[in-house]
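Here the protein sequences line up with chains A and B, keeping their order.
Convert by adding 456 to the 1-based position in the first sequence; the result is the number in the numbering used here.
Convert by adding 456 to the 1-based position in the second sequence; the result is the number in the numbering used here.
Glycine included, C-beta positions come from ideal geometry on N, C-alpha and C.
A quick note: this is a predicted structure, and the numbers were derived from the prediction, not measured.
Number of protein chains: 2
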Amino acid sequence: MEDMTLQSCRTFVDVLASSAPTPGGGGASALVGAVAAATGNMVGSLTVGKKKYAAVEEEIQAMMEQAAGLQEKLLDLVVKDAEVFEPLAAAYGMPKDTPEQQAEKERVMEICLLAACEVPMQIMEACCQVIDLAAVFAEKGSRLAVSDAGVSAVLAGAALEAASLNVFINTGSMKDRVSAAALEAKANGMLDRYSVQAAEVFRAVREVL
Amino acid sequence: MEDMTLQSCRTFVDVLASSAPTPGGGGASALVGAVAAATGNMVGSLTVGKKKYAAVEEEIQAMMEQAAGLQEKLLDLVVKDAEVFEPLAAAYGMPKDTPEQQAEKERVMEICLLAACEVPMQIMEACCQVIDLAAVFAEKGSRLAVSDAGVSAVLAGAALEAASLNVFINTGSMKDRVSAAALEAKANGMLDRYSVQAAEVFRAVREVL
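Now the structure itself:
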């Protein structure tokens, strides 16, 4: 599986726009999550080493390490999303002419759908952490970069929502309704809490500009 | 000025995270806008040529051309945002020891601030158009790609909000309060209308999944 994050931004966007199976909406969400984490990290880069912010230096350093980790994780999830899509697409194409074929297709589909839910769930979890960091970057980071902390929160909130659609489209096709409901409840819990928090950071930053 | 969109996604994200002057929050917004346009375009790519959607073939083709144009425009705005930031950063560093120097600095700053507002305003305008297209892709595009239409709307809505922060941070520093107020009113008008529309597309897509 080609690592699309090693391609230029223009190529990534061009292939995304095409009918090529990947990257799709999940990969787009993960890339935007990585951009959000990096924008938060930038606030840290513009804060550390400045006398005015010496009191928060250590805290900001620790947050930057977390942001850098999330940034890497989200870029890796662009690749993982493509890896789980391929077998799912193949499973959709399996024959179902006989009851045996139908049963086998259902069995394989269920495994692939679960794997295809797992990646956007991980994207969502990482984006929640990016939003938590953005809230603190907005509060304690350099005032000169406060708009960037707002950008980080807003973009991470959108990546969270975008990834959730890739959870819901797959849980909707799952036969195991208990597992599907559990995944949906977890995704809805993250959406409920963190969409609000991202919007609050945006509002707070907008007010001080 | 180096065209950062020709760099790999990983490099873009790494440089964004650093204290390098560009790309900053404006460039991040423009890239996310381009990703949003491309995700909408993908819905079109997965719709055209399918018998089931023959009735909307021409309309979808026309929308794909628009989406491709917006995608290119937003990638170019990543570069333009970097181009207008450089002279602004230089202007911030001008001396103001004498009344003459102070007057000259104010004069140059005002020109640079206006230019630095113009680019995020163009990002916002393009994102509004991406949201308009996403609403129609969600309604008329292939049902198999409806989640991607939702992703397009959500990401474009966030890029719109993120770019607005880059308008407000610059209008806040402008001495010409009449021009500043006009720019802010225009930005707020786009936010009021299109943040709501992006959220509505997200909600509508979520309901059909």
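Exercise. Quick one: what's got a C-beta closer than 6 Å to A490 (chain B)'s C-beta in the same chain, skipping five residues either side?
Worked result: Within the same chain, A490 (chain B) has close Cβ partners Q527, L530, L531.
For this session: Say whether chain B places a C-beta atom closer than 7 Å to the C-beta of G525 (chain A).
Result: no
Problem set entry | Helix, strand or coil at S475 (chain B) according to DSSP, with G and I counted as helix | coil
Exercise. With a cut-off of 7 Å, does the C-beta of V610 (chain A) fall near any C-beta of chain B?
Worked result: yes
For this session: Taking C-beta pairs closer than 7 Å, name the residues in chain A that S635 (chain B) reaches, listed in chain order.
Result: Residues of chain A passing the Cβ test: none, with the nearest at roughly 16 Å.
Exercise. Taking the continuous alpha helix (DSSP H) assigned at P551 (chain B), which residues delimit it?
Worked result: Segment: none, P551 (chain B) is in no alpha helix (DSSP H) and carries neither H nor E.
Exercise. Which residues in chain B sit within 8 Å of L462 (chain A), going by Cβ to Cβ distance?
Worked result: S464, C465, R466
Exercise. Who are the neighbours of I625 (chain A) on chain B, taking C-beta pairs under 7 Å?
Worked result: S603, L665
Exercise. Are the C-beta atoms of E514 (chain A) and some chain B residue less than 7 Å apart?
Worked result: no
For this session: Have a look at G500 (chain B) and D470 (chain B) and give me their C-alpha separation to the nearest angstrom.
Result: 32 Å
Problem set entry | Cα-Cα separation, G482 (chain A) to E581 (chain B) | Computed Cα separation, rounded: 25 Å.
Exercise. Can you tell me the Cα-Cα spacing of Y548 (chain B) and A524 (chain A), whole angstroms?
Worked result: 29 Å
Problem set entry | Segment contact, 8 Å Cβ cut-off, at least three pairs: the region 617-637 of chain A with the region 500-517 of chain A | no
For this session: Would you give the residue range spanned by the alpha helix (DSSP H) that Y650 (chain B) belongs to?
Result: 633-664
Exercise. Apart from the five residues on each side of it in sequence, which residues of its chain come closer than 6 Å, Cβ to Cβ, to S485 (chain A)?
Worked result: I579, A615, A618, A619
For this session: Report buried or exposed for V634 (chain B), applying the criterion of at least 16 other Cβ atoms within 10 angstroms of its Cβ.
Result: Under a 10 Å Cβ-count criterion, V634 (chain B) is classified as exposed, with fewer than 16 other Cβ atoms of the shown protein chains found around its own Cβ.
For this session: Using a Cβ cut-off of 7 Å, pull out every chain A residue sitting near E481 (chain B), in sequence order please.
Result: Here the sequence assigns Gly to residue 481 (chain B), which means Glu is not the residue at that position. Chain A residues near G481 (chain B): T495, S603, D604, V607.
Exercise. Using DSSP with H/G/I as helix, E/B as strand and the rest coil, what is S598 (chain B)?
Worked result: coil
Exercise. Going along chain B, which residues have a C-beta under 7 Å from G613 (chain A)?
Worked result: A614
Exercise. At least one CB of chain B closer than 7 Å to the CB of S474 (chain A): is that the case?
Worked result: yes
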